[in-house]
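Novice: Okay, handing you the structure first.
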């Protein structure tokens, strides 16, 4: 049996949308409760079922639950983040410095997801012309992991303010591999309704309609689609013009 | 109200896993039935709610339903794919040439998802040290779109055998933007139970347990986690050792 016609219902579809809309990049809300191995196993299996170019499955998952190592990772973040804050000016710099950008010391588990570009040899089906495809496959695994975590009521935060080489050296990751995502993972006290950066006024959610083009870059899309998009957005934010 | 404690049930969690495990890269199974605007609106809203570095939302969505343009895109694929097949040798080349790698002429809709790296100015929160983060954010939008489509019982295929510059020129995409994914989208006759490349013997699904490291790259993970992973994998493939 190659085919199966699993058809999802309206209720199941709405469940996925609820998970997507309620997924957050968690920083401040982690609790110290350890992640159960049962849950972690499911998250990893979900990540492993991401699409990958040429079915190369280029990912590895490094689980870090040793407090000493987590503290060293936090130190690398701290140093890099000082450099980062110097790149902003004036009010933006103040705001930047007041943002909570990681939960490295609170989250009980870190998961570093890497990409091994050599996994399937030098010539990979589907990567012959767009060379980043293997990196993108690994990101699909990250997003599967993240959504699965939300469905398990587990928080995930993606921390990217690191010098990659320092992090690889600290964790013993081979030089030929690429770090795609460094995730903090844990139970949470609550999920915020909106992204932190939106709540804190860092940036606004963009108007989706303006991001859609039709057949050619010069053409906007049709009025029917844009009014339907409005309707969908209003369902989520009934109190807002969005 | 910043917080909300939406807690997903076991049934809802299992729905997400079913969607993840039954998502396929569709090539041969598209039907010509047009995608309803109601569905497309929901898919785009789901994509727009992906995580993004510094909340920059760097994506655009170019919808292509003009047959003439779709045919021109297919021609670009065809030329690139001839080059690609020359990169394989012997039996692999034969197998490659017999694989169906796109559904560009059958799928009623193409969606090209791009990344605008300049959207939030030169210094982006979270991109200061890992410069690819904006590309990865866009991939998260792709994966949201793909999973949402599966939940709507809509097929998606990601076609990557193109010279990016040729595709940009054909579609009028500004030079400064990056094409992350070129998707074919449509109703399908059925979803295959396994990935095409697995069914056709191109590559096997890897053993997840061997891809997991613990605290340091030299250390495998613990037996409890690996046996739980086995249990999860067996649920999906009760007839296989996996």
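Residue numbers (our numbering), protein chains in the order written: chain E, 20 to 261; chain P, 20 to 261. Don't be surprised by glycine CBs; every beta carbon is placed ideally from N, CA and C.
In this structure, how does DSSP classify residue 130(E) when only helix, strand and coil are distinguished?
Specialist: Counting from 1 along the first chain, the entry for residue 130(E) is found at position 111. Reduced to three states, the DSSP call for residue 130(E) is strand.
Novice: Measure the CB-CB distance between residue 251(E) and residue 60(P) and report whether it falls below 9 angstroms.
Specialist: To locate residue 251(E), count along the first chain from 1; it is residue 232. To locate residue 60(P), count along the second chain from 1; it is residue 41. Their beta carbons are under 9 angstroms apart, which means residue 251(E) touches residue 60(P) by this criterion.
Novice: Determine, using beta carbons only, whether residue 137(P) comes closer than 9 angstroms to chain E.
Specialist: Position 118 of the second chain, counting from 1, holds the residue named residue 137(P). No, no contact with chain E.
Novice: Under 7 angstroms between beta-carbons, which chain E residues line up against residue 240(P)? List them in chain order, please.
Specialist: Within the second chain, numbered from 1, the residue matching residue 240(P) stands at position 221. The contacting residues are 82.
Novice: Using CA atoms only, rank isn't needed, just tell me which of 25(P), 136(P), 54(P) is closest to residue 347(P).
Specialist: Given that chain P is displayed from residue 20 to residue 261, the structure contains no residue 347(P) and the question cannot be resolved.
Novice: Give the interface partners of residue 204(E) over in chain P, defined as CB-CB distance under 8 angstroms, in chain order.
Specialist: The residue you call residue 204(E) lines up with position 185 of the first chain. Neighbours of residue 204(E) on chain P: none; closest Cβ ~14 angstroms, over 8 angstroms.
Novice: Since residue 67(P) meets chain E, which of its residues come closer than 7 angstroms, beta carbon to beta carbon?
Specialist: Sequence index remark: in the second chain, residue 67(P) carries index 48 (1-based). Under the 7 angstroms cutoff, chain E gives 227.
Novice: By the DSSP assignment, the beta strand (DSSP E) with residue 238(P) in it spans what residues?
Specialist: Working through the second chain from its first residue, we reach residue 238(P) at position 219. Residues 235-239.
Novice: With 8 angstroms as the limit, tell me which residues of the segment 84-106 of chain P have their beta carbon closer than that to any beta carbon of chain E; keep them in chain order.
Specialist: Within the segment 84-106 of chain P, the residues whose Cβ lies closer than 8 angstroms to some Cβ of chain E are 84, 85, 88, 99, 102, 103, 106, listed in chain order.
Novice: Starting from the N-terminal side, write out each stretch of the alpha helix (DSSP H) that is 4 residues or longer and does not extend beyond the segment 36-104 of chain P.
Specialist: Taking only runs of at least 4 residues, the alpha helix (DSSP H) segments lying wholly in the segment 36-104 of chain P are 56-67, 86-104.
Novice: Between the segment 151-170 of chain P and the segment 74-89 of chain P, do at least 3 Cβ pairs fall closer than 8 angstroms?
Specialist: The segment 151-170 of chain P, when compared against the segment 74-89 of chain P, does touch it at the 8 angstroms Cβ threshold.
Novice: Apart from the five residues just before and just after residue 202(P), which ones in its own chain have a Cβ nearer than 8 angstroms to its Cβ?
Specialist: The residue you call residue 202(P) lines up with position 183 of the second chain. Taken in chain order, the residues that qualify are 129, 130, 131, 132, 161, 164, 165, 175, 176, 177, 178.
Novice: With distance defined between alpha-carbon atoms, name the residue in 145(E), 215(E), 51(E), 100(E) nearest to residue 127(E).
Specialist: Start at 1 with the first residue of the first chain, and residue 127(E) comes out as number 108. Closest by alpha carbon: 51(E).
Novice: Smallest Cα separation from residue 57(P): which of 241(E), 256(E), 210(E)?
Specialist: Position 38 of the second chain, counted from the start, is the residue given in the question as residue 57(P). The shortest Cα separation from residue 57(P) among 241(E), 256(E), 210(E) belongs to 241(E).
Novice: I need the boundaries of the alpha helix (DSSP H) containing residue 165(P), first residue and last residue.
Specialist: To locate residue 165(P), count along the second chain from 1; it is residue 146. Segment 152-170, the alpha helix (DSSP H) holding residue 165(P).
Novice: Under the three-state reduction of DSSP, which class applies to residue 120(P): helix, strand or coil?
Specialist: Indexing the second chain from 1 puts residue 120(P) at position 101. DSSP places residue 120(P) in coil when its eight states are reduced to three.
Novice: Give the straight-line distance between the Cα atoms of residue 32(P) and residue 256(P), rounded to the nearest whole angstrom.
Specialist: The residue given as residue 32(P) occupies position 13 in the second chain. The residue given as residue 256(P) occupies position 237 in the second chain. Straight-line Cα distance between these residues: approximately 19 angstroms.
Novice: If you run the structure through DSSP and keep just helix, strand and coil, what is residue 211(P)?
Specialist: For the purposes of this step, residue 211(P) is taken as the residue at position 192 of the second chain. Here residue 211(P) sits in strand by DSSP.
Novice: Does residue 260(E) get closer than 9 angstroms to chain P when you measure Cβ to Cβ?
Specialist: In the first chain, the residue the question calls residue 260(E) occupies position 241. Below a pLDDT of 50, predicted positions are generally treated as unreliable, and residue 260(E), at 45, falls in that range; the measurement from the model is reported next regardless. No, because no Cβ of chain P sits closer than 9 angstroms to the Cβ of residue 260(E).
Novice: What do you get for residue 187(P), buried or exposed, if any count of 16 or more other CB atoms within 10 angstroms of its CB means buried?
Specialist: Numbered from its first residue, the second chain carries residue 187(P) at position 168. Buried is the call here.
Novice: Taking 9 angstroms as the threshold (beta carbon to beta carbon), is residue 224(E) in contact with chain P?
Specialist: Looking up residue 224(E) in the first chain gives position 205. By this cut-off, residue 224(E) is an interface position.
Novice: Buried or exposed, going by whether 16 or more other CB atoms sit within 10 Å of the CB of residue 248(E)?
Specialist: As a working mapping, residue 248(E) is identified with position 229 in the first chain. The residue in question, residue 248(E), is buried, as its Cβ has 16 or more Cβ neighbours within 10 Å.
Novice: Using only CA atoms, which one of 167(E), 120(E), 43(E) lies nearest to residue 70(P)?
Specialist: For the purposes of this step, residue 70(P) is taken as residue 51 along the second chain, with counting starting at 1. When only C-alpha atoms are compared, the closest one is 43(E).
Novice: Taking just the CA atoms, how far does residue 114(P) sit from residue 100(P)?
Specialist: Here residue 100(P) corresponds to residue number 81 of the second chain, with the count starting at 1. Here residue 114(P) corresponds to residue number 95 of the second chain, with the count starting at 1. Cα-Cα distance, rounded: 13 angstroms.
Novice: In three-state DSSP terms, what is residue 195(P)?
Specialist: Sequence index remark: in the second chain, residue 195(P) carries index 176 (1-based). Here residue 195(P) sits in coil by DSSP.
Novice: At a CB-CB cut-off below 8 angstroms, which residues of chain E make contact with residue 179(P)?
Specialist: Reading the second chain from its first residue, position 160 is the one you call residue 179(P). Ordered by position in chain E, the residues that pass the 8 angstroms Cβ test against residue 179(P) are 72, 145, 146, 148, 149, 152.
Novice: I believe residue 93(P) touches residue 123(P) by the beta-carbon criterion, under 8 angstroms. Please report the beta-carbon distance rounded to the nearest angstrom.
Specialist: Along the second chain, read from residue 1 onward, the residue named residue 93(P) stands at position 74. Along the second chain, read from residue 1 onward, the residue named residue 123(P) stands at position 104. With 8 angstroms as the limit, residue 93(P) and residue 123(P) qualify as a contact, their Cβ atoms being about 4 angstroms apart.
Novice: May I ask which residues mark the beginning and end of the beta strand (DSSP E) holding residue 173(P)?
Specialist: For the purposes of this step, residue 173(P) is taken as the residue at position 154 of the second chain. Residue 173(P) -> beta strand (DSSP E) spans 173-178.
Novice: Count the other CB atoms, across all protein chains shown, that sit within 10 Å of the CB of residue 54(P); report buried if there are 16 or more and exposed otherwise.
Specialist: For the purposes of this step, residue 54(P) is identified with residue 35 of the second chain, where counting begins at 1. With 16 or more other Cβ atoms within 10 Å, it is buried.
Novice: Taking only three categories from DSSP, how would you classify residue 253(P)?
Specialist: The residue labelled residue 253(P) in the question sits at position 234 within the second chain. The answer is helix: DSSP assigns residue 253(P) an H, G or I state.
Novice: How many angstroms separate the CA atom of residue 84(P) from the CA atom of residue 205(P)?
Specialist: Here residue 84(P) refers to the residue found at position 65 of the second chain. Here residue 205(P) refers to the residue found at position 186 of the second chain. Near 11 angstroms, if we compare the C-alpha coordinates of residue 205(P) and residue 84(P).
Novice: Excluding sequence positions up to five away, which residues of its chain have a Cβ less than 7 angstroms from the Cβ of residue 208(P)?
Specialist: Looking up residue 208(P) in the second chain gives position 189. Counting only Cβ-Cβ distances below 7 angstroms, and skipping sequence neighbours, we find 48, 50.
Novice: Roughly how many angstroms separate the alpha carbons of residue 110(E) and residue 150(P), rounded to a whole number?
Specialist: In the first chain, the residue the question calls residue 110(E) occupies position 91. In the second chain, the residue the question calls residue 150(P) occupies position 131. If I take the Cα positions, the gap works out to 24 angstroms.
Novice: Give a yes or no on whether the minimum CB-CB distance between residue 53(E) and chain P is below 9 angstroms.
Specialist: The residue you call residue 53(E) lines up with position 34 of the first chain. With 9 angstroms as the cut-off, residue 53(E) does not count as an interface residue toward chain P.
Novice: Just to make sure I have the definition right: I need the residues of chain P whose C-beta is within less than 7 angstroms of the C-beta of residue 142(E). Which are they?
Specialist: For this step, residue 142(E) is matched to residue 123 along the first chain. Result: 106, 107.
Novice: From the beta carbon of residue 256(P), is the nearest beta carbon of chain E less than 9 angstroms away?
Specialist: Here residue 256(P) corresponds to residue number 237 of the second chain, with the count starting at 1. No, no contact with chain E.
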